[in-house]
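Read the structure below first, then the notes.
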Amino acid sequence: NFSYNRLIGKIPLEFGFLSKLQTIIIHYNNLTEGISSFVNLSSLVELSAANNNFGGSIPDALGLLTNLKIMALGINKFSGTIPPTIFNLSSITVFDVTDNQIRGSLPSNLGITLPNLEFLGLGYNQFTGFIPVSVVNASNLLYLLFPENKFTGKV
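Next comes the structure, spelled out in structure tokens:
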């Protein structure tokens with residue numbers, strides 16, 4: 001746990017060699033680069049990197065971390081779309097990208113491919129399209145946070 005420090009800059013690539021690492025908690029720092037260092041950590045269960053200054057796209061390869069249960073990337077500067085691979089992480093319980101600059105639409109089968117979701121935070125981004133009806137299939141869902149986007153259609 002490296003949270004609430006004054007860490008700045010880039011995460012060293014060497015963190016990617018910690019193959020047995022299960023939890024990374026680095027929120028509330030001023031980190032700007034290097035989240036892709038974690039894409040080979042196949043044992044990773046939690047990636048909490050909220051409240052930093054990470055930018056660019058969320059790496060596609062994070063969606064290959066099949067043990068991941070918590071992905072908290074809120075309050076950063078991520079942009080682009082959510083990689084489709086993320087929506088195949090069936091074990092994920094927390095997915096939070098609140099307050100970034102992410103755009104695009106959500107897949108219609110979201111609640112089917114992410115059945116274990118308990119927390120889905122997508123607020124304060126630029127999402128468009130419909131809110132998928134399939135979210136009702138995520139029967140463990142406790143929190144659904146979608147404020148300040150550009151969703152359309154019926155609820």
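Under UniProt numbering, the residues of the sequence shown are numbered 1 to 155, in order.
Cβ coordinates follow ideal geometry from the N, Cα and C atoms, glycine included.
The model shown is predicted, which means the values in this text are computed figures rather than measured ones.
Asked: Spatial distance of Asn-5 from Ile-26 (CA atoms); Found: 9 Å
Asked: Length-filtered (4 minimum) alpha helix (DSSP H) runs lying within the stretch 58-115; Found: 110-113
Asked: Leu-21 in three-state terms, based on DSSP; Found: coil
Asked: Exposed unless 16 or more other CB atoms sit within 10 angstroms - verdict on Ser-37; Found: buried
Asked: Within 7 Å, strictly: CB atoms of Leu-110 and Ser-134; Found: yes
Asked: For Ser-48, the first and last residue of its enclosing beta strand (DSSP E); Found: 46-48
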